[in-house]
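Engineer: First, the structure itself, so that you have it in front of you.
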Amino acid sequence: MSDDRTDRDLRPSPEALLKQSDRESRGRLKVFLGAAPGVGKTFEMLNQGRQRRLEGIDAVIGVVETHGRVETDRLTKGFEIIPKKRLSYKGRVLAEMDLDAILQRKPKLVLVDELAHTNVPGSRHPKRYLDVQEILDAGIDVYTTLNVQHLESLNDVVARITRIRVRETVPDSILDRADDVELVDLTPEDLIQRLKEGKVYVPAQAERAVRHYFQPGNLTALRELALRRTAQRVDEQMVNYMRAHAIQGPWEASERVLVAVGTRPGASALVRYGRRLADRLRASWTAIYVETSEAQRLSEHEHDRVAEALRVAERLGGEAVTIPASTVADGVIDYAQSNNFTHIVVAAIRQPRWLEFIRPSAAHEIIRRAGDLSVHVVSEERTSAKDKDEPARAPPAADGFKAEPFVGSLGVVAVALAIGLVLQQSLAVSNIALVFMAAVLVSAISYGRWPSLFACFVSVLAYNFFFLPPLYTFTISDRENVVALFFFALVAVIVSNLMVRVRDQVMTARERAKVTEDLYLFSRKLAGIVSLDDLLWATVYQMAAMLKVRVVLLLPDGEGVSVRAGYPPEDLLDDADLAAASWTWQHLRAAGRGADTLPGAKRLFLPMRTGRGPIGVIGLDNDRQGPILSPDQRRLLDALSDQAALAIERVNLVQDIDRAKLTAETERLRSALLTSISHDLRTPLASILGSASSLRAFHGSMDVKQQEELIATIQDEAERLNRFISNLLDMTRLESGAIDVRAEATDLADVIGSALRRASKVLSMHRVQVELAPELPMPRLDAVLLEQVIFNLLDNAAKYAPPRTEVMVKAIAEGNLVRIEVSDEGDGVPPADLERIFDKFYRVHAVDRKRAGTGLGLAICRGFIEAMGGTITAKNRSDRSGAVFTVTLPVEAIAPSEKAA
Amino acid sequence: MTKDLRVLVVDDEPAIRRFLRASLSAEGYQVIEAQSGHGALELFRRNTPDVVVLDLGLPDSDGFEIIRALRDSGSAAPIVVLSSRTDESGKVRALDLGADDYVTKPFGVEELLARIRAALRHRLQQQGEKPIFRSGDLTVDLVRRIVTARGAEVKLSPREYDLLRLLVMHAGKVLTHRFILREVWGTETDVQYLRIYIRALRQKLEADPDRPQLIVTEQGVGYRLRAAD
C-alpha cells in the first residue's frame, strides 16, 4: 500500500498524461463564458479572433450572430465567413452552420457562436456542441461562446433563480474538456445599462420574460455562478497540471459520491445535484440504479426516467451503473461499501410516517445502515416540479382495464361460498373464514393484485351476508364477529399482497431465466458455427427474435462498412442510414434514430466490439414510435452483441490462422523447390565438371576405355540436366497457365513409339514390352504433350524399377475413351503415397536409388493430362510387385475453353 | 608416393563414382567404391582404406552418421567430405564430427586431389613432425620458435604464435572456428577474438594483409593455412 502511494506520488499519473496527449492531437477549444446574454462574449471572441488573424493564423468564422449590432458587425469585417447551409424544415428555409464546409475548408481556427444552439432537425447532429466536437476531432481549433445558464449541471439552479428554464443545454464535460475558458464579465449595473440603451439583443416576443430575467438580483446570482464555475475550472486545471508534472498536492481526493437513482420524477435532477456535490468535494461520482423485483412492475415512463437519469450522469461526466439486488438499500449500501464511496445522495422520503413501519423507504433504510457514509437526502421539491428531462407526461400507464380477472376472482369466491355452505353443516362458522381465505389466495396467485383485493372485498361481504348472524343481511349483531370480520379482512389483504409479490418475483425470475437460457443457447449455437455467413445469420435472427425488432448487421469492407446480414433479409440501406452506419463505425458511438448523431436515419446503429477492437455495426428499427429499445432490451442487446462480436472475431481468427497455414505450406514448398533445384542442378553439373577435369588432368595416363567412359558420363549428365531444366520449364508453363493445347487427331502408336525412342537410353537396362490394341481410335489431343507424359512415365519406371525387369506400355480403347498404361516391376508405390506422388517435388524414398528423381515428372504428367481433359492415376499391380500408371483420355476433343483450366 | 594407398569413395551417383575412379586410379590410388552408407561401413571394416571420400547426401543414411561411426570405431583415416549443400553449418558439423576437409559440389577433380593429399600429408606429419615449415615466403621453426616472413624475422605475441603454430601443424587443412578457439584459448570464447588475432597475424605475415594468400578465410567455416611447399 505504501509502495503504491510512493509510486503514484513520484510518477505523473497516466490518465493526466493521456489527457494531455489527447489534447495535443485534437483541436483546442476556447470557451467565452458569460453570466447572461449581452455581456459581450461574441464581441470578445471576435476581438481575439482578429488578434489571431493578425498573428497570421488562418482563422475563419463558422457562425456568428451579430444581431445587427454595429460594433460586433464591424469586427467580422476581414474574416472569411463560411456560408451557411440552407435547410428546409416544415416548409421554411432555415440557415445552419455548414459543418462539412468547415471540415473541408480546414482552417486553423474557426469561430462558432452560441455553443448551446439547437440545430434544425435533419442536420447531422441535433446540437451545435456536437458539431464543435467533430470540428475539434478534425484537429481544428474552435472559439465559442456560452452562457452559464446553458450548462447542464447549473440548469436547475438557474431555473430556480430566474424562474425561466432554458431548454438548450450543453453537457458540463465539454466545458471540462475545453482547453481555455475565458470569463467575459460585466457588472449587473453595466449590463442593465446596456439593456436600456438597446445594446442587448432581445427577441421581441419574449420581451417581458427577458425583462424579468434581467433583474439585478438574478444577474448577481448568475454572475456568481459563472465566476464560481470558472474558478472551479481553474482549480481543476491546476490539479491536472500538477498531476501531469508529478507535483505533490492535496488533490488526493478520497471522496466518492454515489447517487441512488430512483424511478420517481426528479431522478435526473438528483443526478445533477450529485454532480454539483462531487464538484465541490472534488470527488469522483457514480449514479447507481438498483434493480429489484419491482422493476417488472414499472411503467415504460418509469423505465425511461431511470434510463434518462443514467444518461444524464454519463453526460455530466459521471459513471452510471445498474446492479440487481433484493432491495434498493441493500444494493446501494453494498455497492458503496465495496467501492469505497463516502457520500450517498438519495431522494427524500415521500411516504407517510406510518407506512415507514410497514415498508421502510429506501432513504430511511440507507440512513439507518449507512455507518460511516454521509447520506445526503435531497428534497424532491427542489427537483421534481418542472423537470425538463421528464418526458411529456403521457396519460398514466393504464394497461387497459380487463374484466376477466375480476370475473375470475368472483368465480373463485363463488366456489368458496358454495363449499362454505356445504361445510356449514359440520364446521363452526369461524372456520368457514378459512375457505374464503383460500379463495383470496387462489385469486392472488392467478390474477394479481387488484382482482385479489376485489376477491377480499367480495369475500368479506359474502362471509358477512351468508354466515354471520343475522344471516342474509350486511349487519353484524355479535361484537365478537365484528372483530373477527375485521381481522379476516386485514389478514386477507396482507396475504393477498404477499402472494402477489411472490407471484411477481416468480414471474421476474422466470423471465430472467428465459432470457438467460436464450443467451446460453445462443452462445452454444455460436460456438458450433464455423462459417461467417451462418454466424451472422444466427446473430441477426436471434436479435430480431429476442428484441422484436428488425436487424441489419454491417461488417467492414476495405474502407467503410456494408450490410452482410439482415433479418428480415435486407441488402441495401438508404443514404441516411448508410451515413449513420459509417459514422458509428468511425466513431464507435451510437448514431441514427434516437441517438445524438444523425437522428434522422431510419435505424439506430450501434457499434459491435470486443476487447481487441471494433468488429462491425448493428442497425435496428421497428414500427413503433419512441425509443427502439428499453433499458432492459438495451442490456440484452449488449449481451447478444458481445457474444456475436466474440464469435465473429473467433471466425476471423480461424481464417487468419488458415491463411497463415497456407503461407507456411507455400513456404515449405518453396524451400523444397530450392533444395530440389540445388540438388538436381548440381549433381549432374558435378559429374560433368568432375569428368571433364579428370580428362584434362589425366588424359595422358588414362586408357582409351576410361576416357570414353568419362566422355559418355559428360554427355549423359548433360542430357539429364537438360531433362530437368525442361521439366522445370514445363512446370512453370503449367503454373502460369501458359500451356497451349493444340489438339489434332493423333495416332497413339506413333506417340508411344517416339516416347520409347526418346527413353531408350534411360531404359537401356530394362526389357520393354509394348501392347497396342488393334484398331485404336485417333483421339484428338496434343501429341507433344502426350509424348512428354509417356516419356516421363517411362523415365519414372526406369528410375524406380531395378535393372533387367520388365516395363510394359499398353494402350486400349474403351468406348469413348482411350487408356494408356505404363507398368513396371519395381517395388511399387507405398499406398500412402499413391495420391501424393503427383504433387510437386514429392519423391518416394527409394532405398537403393539409382537415379535421383526431380519430383516434377509426375506433377507435369497430371498437369498435361488434365489440360487435355483426361485423368491420370497410380496403382500398385495386383499380379506382381510394381506400379501401374493409367492415363485416360477422351477420344473426342474437349471444347477449347475448357482445356486450359 | 601414393602407391598402395587405398581410397574409399562413398557416393550414390554412378557418374561421380565413375570419374572419381578414373582420376584417382590415374593418380595411383587403389579405389574402393560404395554407393550407400551401409555398404561403406562394411567395406571400411574389410579394407581399412587410408582415406575416405564421402558424399554427405546419401540416400540411406546421413553422411554425418558415417563420420561418427568411423571415428567411433577408432579409425584416424582422413575423411574428405563431398557436399552438394551450400549450408556452411553442415560443413562445420562434418568437420566438428571429425572430417578432415570438404569440397563443395560441383568441383574440379584437381581440387579434390589436393585436399586428399593435404589430409594424407597431415596424417604423415603427425607421425614424424618436421621441425621447419615453409610456405611461400613464410618460414616457421617450430623447435626454435622463430618466424620469418619475406626474409625478416617477425615478432609474435605468445598467443599469436600459438595460433600460427596450430595452423602450421594443420597446414592445408581447414580448421573450424570452434576447433581453433578450443585449441588456442582452451575455451570456446567469442569468434571475435579469433578474428582480431587472425588480422594481427596477417598484418605481420602477409605481403598484402587485405588480400591474404597465406591464411585463407573459409567463409562461415574457419581458416586454412596454405600448405607447405
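Protein chains in written order, with the working numbering: chain A, 1 to 901; chain B, 1 to 229. Don't be surprised by glycine CBs; every beta carbon is placed ideally from N, CA and C.
Would you call P250(A) buried or exposed, if buried means 16 or more other Cβ atoms sit within 10 Å of its Cβ?
Structural biologist: Only weak support exists for where P250(A) lies, its pLDDT of 39 falling under 50; the value from the coordinates is given anyway. By the 10 Å Cβ count, P250(A) comes out exposed.
Engineer: Might you give, ordered along the chain, the residues of its own chain that have their beta carbon closer than 8 Å to the beta carbon of V132(A), omitting 5 neighbours on each side?
Structural biologist: Here the set comprises L29, V112, L115, V142, T144, I174.
Engineer: Look at the Cβ atom of I344(A), then the Cβ atom of S361(A), and state whether they are nearer than 8 Å.
Structural biologist: It is not a contact, given that the beta carbons lie outside the stated cut-off.
Engineer: Give the residues of chain E in contact with F133(B), contact being defined as C-beta atoms less than 8 Å apart.
Structural biologist: Annotation note: the requested chain E is absent from the structure, which comprises protein chains A and B.
Engineer: Cutting at 8 Å between CB atoms, please list the residues of its own chain near I529(A), excluding the five before and the five after it.
Structural biologist: These residues qualify, in order along the chain: L535, A538, A647, V651.
Engineer: Is the separation between the beta-carbon of A801(A) and that of L834(A) shorter than 8 Å?
Structural biologist: No, they are not a contact pair.
Engineer: By how many angstroms is the C-alpha of I333(A) removed from the C-alpha of D577(A)?
Structural biologist: Approximately 44 Å, taken between the alpha carbons.
Engineer: So K91(B) contacts chain A; which residues on that side make the cut at Cβ distance below 7 Å?
Structural biologist: Neighbours of K91(B) on chain A: none; closest Cβ ~15 Å, over 7 Å.
Engineer: Taking CB distances under 8 Å as the criterion, tell me whether L689(A) reaches chain B.
Structural biologist: For L689(A), the answer is yes, since a Cβ of chain B falls inside 8 Å of its Cβ.
Engineer: Any contact between the segment 108-121 of chain B and the segment 71-86 of chain B? By contact I mean 3 or more CB pairs, one from each, below 8 Å.
Structural biologist: Short answer: they touch.
Engineer: In angstroms, rounded to a whole number, what distance separates the CA positions of P779(A) and V822(A)?
Structural biologist: Cα to Cα, P779(A) sits roughly 18 Å from V822(A).
Engineer: Specify the secondary structure class of R819(A) as computed by DSSP and reduced to three states.
Structural biologist: It is a strand residue.
Engineer: Answer with yes or no whether the minimum CB distance from Q706(A) to chain B is below 8 Å.
Structural biologist: So yes, Q706(A) belongs to the interface.
Engineer: Could you give the C-beta distance for I752(A) and V770(A), rounded to a whole number, given that I count them as a contact under 8 Å?
Structural biologist: Rounded, the Cβ-Cβ distance is 7 Å, consistent with contact.
Engineer: If K108(A) sits next to I57(A), beta carbons under 8 Å apart, how far is it from one beta carbon to the other, in whole angstroms?
Structural biologist: Right, the Cβ-Cβ distance comes to about 5 Å (below 8 Å), so this counts as a contact.
Engineer: Residues of chain B with CB under 8 Å from S701(A), in chain order?
Structural biologist: By Cβ distance, chain B contributes A26.
Engineer: Taking the alpha carbon of D12(B) as the reference point, which residue from R670(A), P684(A), V789(A), P774(A) has its own alpha carbon closest?
Structural biologist: The residue with the shortest Cα to Cα distance from D12(B) is P684(A).
Engineer: Less than 8 Å between the beta carbons of L776(A) and A811(A), yes or no?
Structural biologist: It is a contact, given that the beta carbons lie within the stated cut-off.
Engineer: Would you say R682(A) reaches chain B, if we count a Cβ-Cβ gap shorter than 8 Å as a contact?
Structural biologist: Closer than 8 Å: yes.
Engineer: Measuring CA to CA, which of N816(A), I837(A), E825(A), S878(A) is closest to P890(A)?
Structural biologist: Minimum Cα distance to P890(A) is reached at N816(A).
Engineer: Kindly say whether S726(A), judged by its beta-carbon, lies nearer than 8 Å to any beta-carbon of chain B.
Structural biologist: False, the Cβ-Cβ gap to chain B never drops below 8 Å.
Engineer: Roughly how many angstroms lie between the CA atoms of V53(B) and L82(B), to the nearest whole one?
Structural biologist: Spanning the two alpha carbons is a distance of roughly 7 Å.
Engineer: Which residues share a DSSP beta bridge with M608(A)?
Structural biologist: Answer is G616(A), bridged to M608(A).
Engineer: Taking the straight line between their C-alpha atoms, what separation do you get for L653(A) and P556(A)?
Structural biologist: The straight-line gap from Cα to Cα measures roughly 15 Å.
Engineer: Could you please give me the residues that DSSP links to H343(A) through a beta bridge?
Structural biologist: DSSP, once it has assigned bridges, lists V257(A), S374(A) as partnering H343(A).
Engineer: Excluding five sequence neighbours on each side, which residues of the same chain lie with their C-beta closer than 6 Å to the C-beta of A544(A)?
Structural biologist: Excluding positions up to five away in sequence, the list reads V551, Y567.
Engineer: Counting only beta-carbon separations shorter than 8 Å, does E709(A) have a partner in chain B?
Structural biologist: Answer yes: the Cβ-Cβ gap between E709(A) and chain B drops below 8 Å somewhere.
Engineer: Compare the C-beta of K155(B) with all C-beta atoms of chain A and state if any pair is closer than 8 Å.
Structural biologist: Chain A, which has no Cβ nearer than 8 Å to the Cβ of K155(B), makes this no.
Engineer: Taking C-beta pairs closer than 9 Å, name the residues in chain B that D716(A) reaches, listed in chain order.
Structural biologist: Within chain B, the residues near D716(A) are A15.
Engineer: Tell me whether R8(A) is buried or exposed, calling it buried when 16 or more other Cβ atoms sit within 10 Å of its Cβ.
Structural biologist: Unreliable positioning characterises R8(A) in this predicted model, as indicated by a pLDDT of 42, which lies under 50. A coordinate reading is not provided.
Engineer: Less than 8 Å between the C-beta atoms of A287(A) and A320(A), yes or no?
Structural biologist: Taking 8 Å as the Cβ cut-off, A287(A) and A320(A) qualify as a contacting pair.
Engineer: Got a sec: is the Cβ-Cβ distance from R849(A) to anything in chain B below 8 Å?
Structural biologist: With a pLDDT of 45 at R849(A), under the threshold of 50, the modelled position of that residue is not reliable, and the figure given next carries that caveat. By this cut-off, R849(A) is an interface position.
Engineer: Between the C-alpha atoms of A565(A) and L604(A), what's the straight-line distance to the nearest angstrom?
Structural biologist: Going by the C-alpha atoms only, they are around 16 Å apart.
Engineer: Throw me the rounded Cβ distance for the I32(B) and L43(B) pair, which I believe falls under 8 Å.
Structural biologist: Rounded, the Cβ-Cβ distance is 6 Å, consistent with contact.
Engineer: What are the start and end residues of the alpha helix (DSSP H) that includes T76(A)?
Structural biologist: Unbroken alpha helix (DSSP H) run through T76(A): 70-76.
Engineer: Would you say L685(A) lies against chain B (beta-carbon separation less than 8 Å)?
Structural biologist: It does; some Cβ of chain B falls within 8 Å.
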